[in-house]
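Residue numbers (my numbering): 1 to 598.
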């Protein structure tokens with residue numbers, strides 16, 4: 001079996017590039033150690049390999065179906081959820097009083113990476129449940145947490161987020177689901193929700209939906225949206241599961257990939273009253289929901305990375321074993337064929353995959369470490385950590401989603417015709433990942449958020465923090481052996497990106513919002529590549545410093561890091577000026593195109 005991920009790379013990212021081993025110096029993580037974190041990661045690997053990877057293909061081939069009104073999944077999914085629950089991962093990052101280990105978020109994201117790599121479909125159930133519980137921990141009342149959150153933390157119930165509707169996907173201002181206040185302070189929920197992942201199944205005793213709805217009589221637009229806790233089954237006073245809450249499965253969506261996670265059309269209030277409880281105050285729903293959505297966006301980026309990573313490892317193994325052809329310099333037709341990894345173009349395909357997935361993993365874990373800095377770091381640095389996290393979130397969600405798809409295409413290319421068959425999993429990973437540029441906000445939405453809000457937020461402080469940190473790492477890498485091309489590539493990308501943004505922002509008032517945002521995708525691409533280039537600068541700098549005292553096996557690992565960083569600097573970062581040019585001169589091509597001209 002091909003490894004689900006590289007333990008060596010994950011250890012490198014967490015403990016050599018990031019200061020994860022120093023987190024126990026913080027009060028919340030007192031008593032922790034690198035050894036504890038390593039033990040948790042080893043447990044995650046074992047559970048993911050034994051209980052998740054074992055049915056990934058089966059769940060893809062046998063997608064969820066409805067029988068007698070109930071969703072049927074392959075039976076191994078239930079076993080995977082049981083193993084995940086018994087390992088304590090639902091609660092691992094929560095307070096000890098809730099049964100958790102108070103794990104740092106960066107370690108928790110590394111834990112989840114194992115399950116996303118092994119079986120992204122089955123990992124969707126705990127992914128959503130953990131996010132649901134995290135939102136409740138921040139916004140729900142103590143009584144609601146006792147009633148709805150604790151069963152999620154214990155893994156007894158699962159959770160979802162129910163936002164979209166058939167007529168309102170990303171345009172949540174147009175939702176029509178209504179909430180009518182009842183005499184006891186609860187609400188009667190009525191409406192239809194579409195694209196609800198994990199919205200119906202028999203894996204658990206209850207499902208807690210986080211539902212966006214509009215209180216009758218409330219204002220139009222996003223100001224009238226509130227958030228409600230709506231269980232699949234009503235809850236008795238003693239906490240046990242009661243009668244149906246009339247959340248009715250209207251149908252399953254049949255997906256290109258990611259099939260292991262059910263995706264549903266749900267009717268609330270069909271055949272009887274659906275009762276929910278409001279979270280916080282009326283009109284706060286969208287801002288509350290963004291807590292879970294932003295968390296989910298980092299998780300989507302990490303999921304994309306791990307799908308790309310899994311494809312990379314499969315293609316790497318194949319390239320080492322598959323023999324075909326001879327080097328151009330070898331004119332002897334009777335000489336034995338060579339492993340295809342010896343061919344320069346195959347190495348190019350592998351090196352690009354490595355640059356994408358290991359760069360993307362570095363970015364996802366860096367963003368996760370900012371969550372820890374925001375929550376537990378020194379007070380004086382929390383504001384900057386929060387602003388930088390806000391700036392990076394659309395990039396973390398979008399860049400790996402987009403470029404892991406290209407990486408997986410390269411993986412299929414390495415396998416050749418075999419990659420186009422179901423005999424190898426790379427075609428499944430390719431189909432699975434195609435969802436990631438879409439859900440939790442499309443690339444266009446992330447681009448608009450980045451350029452329209454994040455780069456100018458707090459007078460541009462988030463962008464300033466980013467530039468300060470990149471320049472600090474550039475200065476620290478000065479004089480390191482073999483780093484000149486890498487440093488130059490990152491420095492040029494930073495200067496080009498900064499100049500383009502400065503020019504565009506200075507013209508914003510004259511351009512107007514439509515033209516200002518017309519090339520937002522170019523900003524997302526430009527900053528995405530620049531930031532990943534920075535991630536590779538950080539990795540290469542660590543590798544170069546470690547090389548003199550490295551063992552034979554570690555030396556190969558560090559040389560690989562250095563070469564992948566050079567590849568990204570030489571092959572990928574030269575694309576930045578193209579995007580910067582479109583952005584800086586406010587190109588009108590797409591804006592001026594008329595619908596009738598297509």
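C-beta: ideal position from N, C-alpha, C; glycine also.
Rounded straight-line distance, which links the Cα of residue j to that of residue i
| i | j | result |
| --- | --- | --- |
| residue 542 | residue 137 | 37 Å |
| residue 286 | residue 339 | 54 Å |
| residue 233 | residue 147 | 13 Å |
| residue 2 | residue 112 | 18 Å |
| residue 490 | residue 155 | 44 Å |
| residue 558 | residue 329 | 29 Å |
| residue 29 | residue 584 | 45 Å |
| residue 395 | residue 527 | 8 Å |
| residue 457 | residue 240 | 46 Å |
| residue 576 | residue 530 | 7 Å |
| residue 5 | residue 99 | 28 Å |
| residue 211 | residue 420 | 40 Å |
| residue 351 | residue 412 | 14 Å |
| residue 388 | residue 465 | 6 Å |
| residue 486 | residue 476 | 13 Å |
| residue 68 | residue 135 | 33 Å |
| residue 434 | residue 257 | 7 Å |
| residue 460 | residue 381 | 16 Å |
| residue 311 | residue 48 | 16 Å |
| residue 353 | residue 451 | 28 Å |
| residue 469 | residue 392 | 13 Å |
| residue 334 | residue 565 | 38 Å |
| residue 345 | residue 410 | 11 Å |
| residue 201 | residue 508 | 49 Å |
| residue 607 | residue 587 | Not covered by the structure: residue 607. The range shown for the chain is 1 to 598. |
Best match in the options for proximity to residue i [C-alpha to C-alpha]
| i | options | result |
| --- | --- | --- |
| residue 599 | 490, 524, 480, 486 | Lying outside 1 to 598, the shown extent of the chain, residue 599 is not represented and no answer is given. |
| residue 259 | 432, 25, 464 | 432 |
| residue 184 | 275, 494, 113, 513 | 275 |
| residue 110 | 449, 562, 303 | 303 |
| residue 670 | 88, 222, 462, 19 | Past the edges of the chain, shown from 1 to 598, lies residue 670, and the structure says nothing about it. |
| residue 446 | 424, 398, 483 | 398 |
| residue 198 | 367, 48, 96, 77 | 77 |
| residue 401 | 556, 308, 215 | 308 |
| residue 35 | 47, 20, 27, 26 | 20 |
| residue 63 | 253, 10, 22 | 253 |
| residue 249 | 196, 365, 277 | 196 |
| residue 600 | 57, 157, 56 | With the chain running from 1 to 598 in the structure shown, residue 600 is simply not present. |
| residue 581 | 218, 493, 570 | 493 |
| residue 589 | 549, 535, 517, 75 | 517 |
| residue 167 | 192, 546, 425 | 192 |
| residue 572 | 179, 406, 125 | 406 |
| residue 139 | 425, 227, 11 | 227 |
| residue 483 | 519, 430, 570 | 570 |
| residue 119 | 106, 169, 59, 538 | 59 |
Status (buried if at least 16 other CB within 10 Å, exposed otherwise) for residue i
| i | result |
| --- | --- |
| residue 208 | buried |
| residue 578 | exposed |
| residue 246 | buried |
| residue 290 | exposed |
| residue 165 | buried |
| residue 533 | buried |
| residue 174 | exposed |
| residue 513 | exposed |
| residue 372 | buried |
| residue 440 | buried |
| residue 132 | buried |
| residue 295 | buried |
| residue 598 | exposed |
| residue 42 | exposed |
| residue 244 | exposed |
| residue 324 | exposed |
| residue 123 | buried |
Residues sharing a beta bridge with residue i, DSSP
| i | result |
| --- | --- |
| residue 229 | 210, 277 |
| residue 71 | 66 |
| residue 244 | 233 |
| residue 339 | 323 |
Distance cut-off 7 Å: residue i Cβ against heavy atoms of the ligand NAD
| i | result |
| --- | --- |
| residue 553 | Judged by which ligands are present, the structure shown has none, so any question about the ligand NAD falls away. |
C-beta neighbour in chain E for residue i, strict 8 Å
| i | result |
| --- | --- |
| residue 98 | Here chain E cannot be found, since the structure has a single protein chain. |
Which ranges does the beta strand (DSSP E) cover as unbroken runs of at least 3 residues, wholly within the segment 139 to 224, from first to last along the chain? 158 to 162, 178 to 181, 187 to 197, 207 to 215
List in chain order: all unbroken alpha helix (DSSP H) runs of 4+ residues lying wholly within the segment 248 to 328. 285 to 321
What runs of the beta strand (DSSP E), each 3 residues or longer, lie entirely inside the segment 457 to 539? none
For a minimum of 4 consecutive residues, which ranges assigned as the alpha helix (DSSP H) are wholly contained in the segment 11 to 54? 34 to 47
At 4 residues or longer, and completely inside the segment 372 to 412: list those alpha helix (DSSP H) runs for me, N to C. none
In chain order, each alpha helix (DSSP H) run of at least 4 residues that lies wholly inside the segment 87 to 146: 105 to 118, 120 to 139
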